[in-house]
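Chemist: Numbering-wise (numbering that gives the first Met the number 0), the sequence shown opens with residue 0 and increments by one. All C-beta atoms in this analysis are idealised placements derived from N, C-alpha and C, irrespective of residue type, glycine included. Mind looking over this structure? Questions follow.
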Amino acid sequence: MDADLPIALVTGASRGIGAACALALARGGWRVALQYRERAAEAEAVLGRIRAAGGDGRAFSADLADPGQAAGLVAAVVEKLGPPAALVHAAGAMLEKPLAFTSPAEWSRLLELHALSAWILSKDMLRHLRKAPHGRGRIVFVGSLAGVTGLGNGAAYAATKGALHGLARSLAKECARWGATVNVIAPGYVETEMTAHHDEKRRAANLESIPLGRYAKPEEIAAQVARLCAPEAGSMTGQVMVVDGGMGLG
Ligand code: NAD
Numbered sequence: 000m001d002a003d004l005p006i007a008l009v010t011g012a013s014r015g016i017g018a019a020c021a022l023a024l025a026r027g028g029w030r031v032a033l034q035y036r037e038r039a040a041e042a043e044a045v046l047g048r049i050r051a052a053g054g055d056g057r058a059f060s061a062d063l064a065d066p067g068q069a070a071g072l073v074a075a076v077v078e079k080l081g082p083p084a085a086l087v088h089a090a091g092a093m094l095e096k097p098l099a100f101t102s103p104a105e106w107s108r109l110l111e112l113h114a115l116s117a118w119i120l121s122k123d124m125l126r127h128l129r130k131a132p133h134g135r136g137r138i139v140f141v142g143s144l145a146g147v148t149g150l151g152n153g154a155a156y157a158a159t160k161g162a163l164h165g166l167a168r169s170l171a172k173e174c175a176r177w178g179a180t181v182n183v184i185a186p187g188y189v190e191t192e193m194t195a196h197h198d199e200k201r202r203a204a205n206l207e208s209i210p211l212g213r214y215a216k217p218e219e220i221a222a223q224v225a226r227l228c229a230p231e232a233g234s235m236t237g238q239v240m241v242v243d244g245g246m247g248l249g
């Protein structure tokens, strides 16, 4: 395996959108550090697919809702694999609850998982973005259409995803001096474990509001993430790219 290939850290990489991003980046010439929380076998299976496609990487375990564990992740990647030039932060969790029934602990957990971890990981990435070849450093957060439009019965989710959008725009300004870019991919509904519990009635109601009439596939989100990480995307920064089948058009 070519040790000169740039390294990308992908969070939430054991399944769903994160796993698809890890595969897409490996195919695009990145060595991938896959973060997973607890399903080691799934992370290893993704690594197996990456290796079968001629790529390479390594899996790292961390609970990103725990700021202490988030703070150790980039250092672990540097030690075991090398300094990353890209961060794709896809780890996330949904909380479907009316605001009135959302506890402070639930609010804090989503804030830590989505926004605080993004801040910690980005902060730890700065020195590596600075040292990456000029114009090749990348941060991509997987946000959400909910962070743009809001979400009934999902205020904690929408607000903590919206925080990512503001962080990306600010970081884009700070990282521009190194030619590094910071963007957000904001999906609408995607066919993953996160939406697998949607029953027929709910799915039908959701499809009514999606002009393209379907949920996206994780690979479609990953393709946009990989495009943002490619050298050709070097002049695009501070953007929130919505990939939602037109749902946000209203
Ligand atoms: P998923 O449930 O399949 O994957 C979520 C990933 O996040 C998993 O790898 C999981 O291990 C990881 N994760 C969850 N809690 C974690 C924690 N405490 N520490 C570390 N990792 C943790 O769902 P997905 O659809 O693949 O979600 C990926 C991202 O896409 C999430 O950020 C999600 O908010 C976002 N998103 C998903 C949809 C959708 O419809 N599926 C829509 C918009 C945005």
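Any heavy atom of the ligand NAD closer than 8 angstroms to the Cβ of D198?
Modeler: Here residue 198 is taken as the residue at index 199 of the sequence shown, counted from 1. No, Cβ of D198 sits at least 8 angstroms from all heavy atoms of the ligand NAD.
Chemist: Report the option in L163, G54 and M124 whose CA atom is closest to the CA atom of A75.
Modeler: Sequence index remark: in the sequence shown, residue 75 carries index 76 (1-based). Among L163, G54 and M124, the Cα nearest to that of A75 belongs to M124.
Chemist: Where in the region 21-105 do unbroken runs of the alpha helix (DSSP H), each at least 4 residues long, occur, reported from the N-terminal end onward?
Modeler: The region 21-105 contains these whole alpha helix (DSSP H) runs: 39-51 and 66-79.
Chemist: Does the region 106-113 come into contact with the region 204-212, if we say contact requires no fewer than three beta-carbon pairs (one atom in each stretch) closer than 8 angstroms?
Modeler: Short answer: they don't touch.
Chemist: The alpha helix (DSSP H) that contains N205, what's its start and end?
Modeler: Taking the sequence shown and counting its residues from 1, the one referred to as residue 205 is at position 206. Residues E199 to E207.
Chemist: Looking at C-beta atoms only, is the number of pairs between the region 186-201 and the region 160-169 that lie closer than 8 angstroms three or more?
Modeler: No, because fewer than three Cβ pairs between the region 186-201 and the region 160-169 fall closer than 8 angstroms, the two stretches do not touch.
Chemist: Taking the beta strand (DSSP E) that P186 falls in, what are its first and last residues?
Modeler: The residue given as residue 186 occupies position 187 in the sequence shown. Element bounds for P186: T180 to P186.
Chemist: Give every residue of the same chain whose Cβ lies closer than 7 angstroms to the Cβ of G245, excluding the five residues on either side of it in the sequence, and list them in chain order.
Modeler: Mapped onto the sequence shown, residue 245 falls at position 246. Within the same chain, G245 has close Cβ partners I209, P210 and L211.
Chemist: On the three-state DSSP scale, how would you describe T194?
Modeler: Locating residue 194 in the sequence shown gives position 195, counting from the first residue. Residue state, collapsed to three classes: helix.
Chemist: For L170, I'd like the list of residues in its chain whose CB is within less than 7 angstroms of its CB, leaving aside the five on either flank, ordered along the chain.
Modeler: Position 171 of the sequence shown, counting from 1, holds the residue named residue 170. These residues qualify, in order along the chain: S121, I138 and V181.
Chemist: Quick one: residues in its chain with C-beta nearer than 6 angstroms to the C-beta of R129, no 5 flanking neighbours on either side, listed in chain order?
Modeler: As a first step, residue 129 must be located in the sequence shown, where it is residue number 130. Excluding sequence neighbours, R129 sits near W177.
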